[in-house]
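In the numbering used here, the protein residues as written are 1 to 303.
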């Protein structure tokens with residue numbers, strides 16, 4: 001029995017007459033009668049007996065009816081589920097992000113996303129950029145966000161903003177009184193910054209190289225959040241991304257770093273897998289959060 005045949009059989013069973021069933025289904029009585037006759041021909045047995053203008057279910061029809069109701073209920077649940085997915089009322093999003101956006105941009109985007117789609121389930125992963133690429137490629141994540149625009153086969157990259165490199169230092173440090181801190185001002189200070197092989201390290205090395213200054217951090221880190229405890233313990237001055245909410249950590253201040261260097265903030269998706277409706281909705285909220293935080297504005301030229 002096809003879906004339309006199931007619908008007609010169910011309605012006739014519930015209402016008892018062709019006229020009532022035809023009105024309920026908004027079809028003509030002859031058309032409904034033909035569907036019913038065709039169904040009986042396919043099944044090889046009668047479903048109804050015509051008695052004084054009414055249709056009396058046969059024993060075979062009585063046996064089929066509970067299964068039809070169960071099946072119809074499953075179809076209705078499927079339709080509701082599809083409608084919920086279409087309108088963003090259900091679904092799962094898997095977001096993989098590196099640490100800096102996970103502590104700044106992502107919470108802002110999720111706040112609005114959850115407000116608009118409270119029934120969505122969110123799986124959030126905080127992992128390095130290379131792991132994000134792998135998760136997108138394998139389907140473990142549907143959306144990624146990281147501070148890298150490196151071209152990777154099978155990964156689509158969209159730059160949605162930029163964040164500037166800043167100096168993070170103790171509030172009591174003599175350099176904290178300056179409006180901006182130049183690379184030359186850090187002479188004699190212990191520099192905490194990225195590994196030279198990372199994208200931020202490469203950009204900083206190129207920018208400082210143009211001014212004849214070597215980029216050689218005494219303390220190398222992989223992600224900027226690691227610099228937090230180092231600076232708080234007075235181990236040195238960090239030159240890191242300004243995406244993290246450094247102002248929320250007691251005892252620290254940030255100052256613009258010169259020469260000006262900015263890092264890309266990128267949305268990453270798999271080029272091999274279509275983006276689900278729920279992930280597309282979250283992607284839109286991430287773009288909006290980027291604009292609201294002012295990260296979509298140019299932050300100065302890269303070296």
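For every residue, glycine included, the Cβ atom is placed at its ideal position computed from N, Cα and C.
No experiment lies behind these values; they were computed from the predicted model shown.
Are the CB atoms of residue 256 and residue 164 nearer to each other than 8 Å?
yes
Considering only their Cβ atoms, is the gap separating residue 217 from residue 193 smaller than 8 Å?
yes
Taking C-beta to C-beta, are residue 265 and residue 290 nearer than 8 Å?
yes
I'd like to check one pair, residue 185 with residue 175: are the Cβ atoms closer than 8 Å?
yes
Could you give the first and the last residue of the continuous alpha helix (DSSP H) run that contains residue 257?
From DSSP, residue 257 is part of no alpha helix (DSSP H) but of the beta strand (DSSP E) over 252–258.
What does a CB cutoff of less than 7 Å around residue 293 pick up in its chain, not counting 5 residues either side in sequence?
105, 108
So, helix, strand or coil for residue 13, using DSSP?
helix
Using CA coordinates, which residue listed in 140, 130, 135 is at the minimum distance from residue 149?
130
How should residue 180 be labelled, buried or exposed, when 16 other C-beta atoms within 10 angstroms of its C-beta is the threshold for buried?
exposed
Measuring straight from C-alpha to C-alpha, what distance separates residue 115 and residue 92?
15 Å
Out of curiosity, what's the CA-to-CA distance linking residue 301 and residue 258?
In this prediction, residue 301 scores a pLDDT of 44, lower than 50, which makes its location untrustworthy; no coordinate-derived value is stated.
If contact is defined by three or more beta carbon pairs under 8 Å, each pair taking one atom from either stretch, is the region 32–45 in contact with the region 4–13?
yes
Cα-Cα separation, residue 99 to residue 124:
Between residue 99 and residue 124, the alpha-carbon positions lie close to 11 Å from each other.
Give every residue of the same chain whose Cβ lies closer than 6 Å to the Cβ of residue 209, excluding the five residues on either side of it in the sequence, and list them in chain order.
none
May I ask you to verify whether the region 226–245 touches the region 130–143, counting CB pairs closer than 8 Å and requiring at least 3?
Counting Cβ pairs under 8 Å, fewer than three are found: no touch.
Could you have a look at residue 113 and say whether DSSP puts it in helix, strand or coil?
helix
Quick one: what does DSSP say residue 193 is sitting in, helix, strand or coil?
strand
Looking at the structure shown, is residue 2 part of a helix, part of a strand, or coil, going by DSSP?
coil
Given a threshold of 16 other Cβ atoms within 10 Å of its Cβ, counted over all protein chains shown, does residue 45 qualify as buried or as exposed?
exposed
Specify the secondary structure class of residue 269 as computed by DSSP and reduced to three states.
strand
Assign residue 299 to one of two classes, buried (16 or more other C-beta atoms within 10 Å of its C-beta) or exposed (fewer than that).
Here the model assigns residue 299 a pLDDT of 49, short of 50, so the residue's position is not dependable and the matter cannot be decided.
Out of curiosity, what's the CA-to-CA distance linking residue 177 and residue 238?
16 Å
Taking only three categories from DSSP, how would you classify residue 162?
strand
Please determine, among 18, 151, 246, 73, the residue with the shortest C-alpha to C-alpha distance to residue 52.
18
According to DSSP, residue 94 sits in a beta bridge with which residue or residues?
In DSSP, residue 94 forms a bridge with 123.
So what does DSSP say about residue 321, is it helix, strand or coil?
This structure cannot settle anything about residue 321, because the visible part of the chain is limited to 1 through 303.
Cα-Cα separation between residue 97 and residue 254, rounded to whole angstroms
23 Å
Give me, in chain order, the residues of the same chain whose beta-carbon lies closer than 7 Å to that of residue 303; leave out the 5 immediate sequence neighbours on both sides.
Its pLDDT being 39, under 50, residue 303 is placed unreliably by the model, and the measurement read from it follows with that caveat. Excluding sequence neighbours, residue 303 sits near 203, 206, 207, 210, 261.
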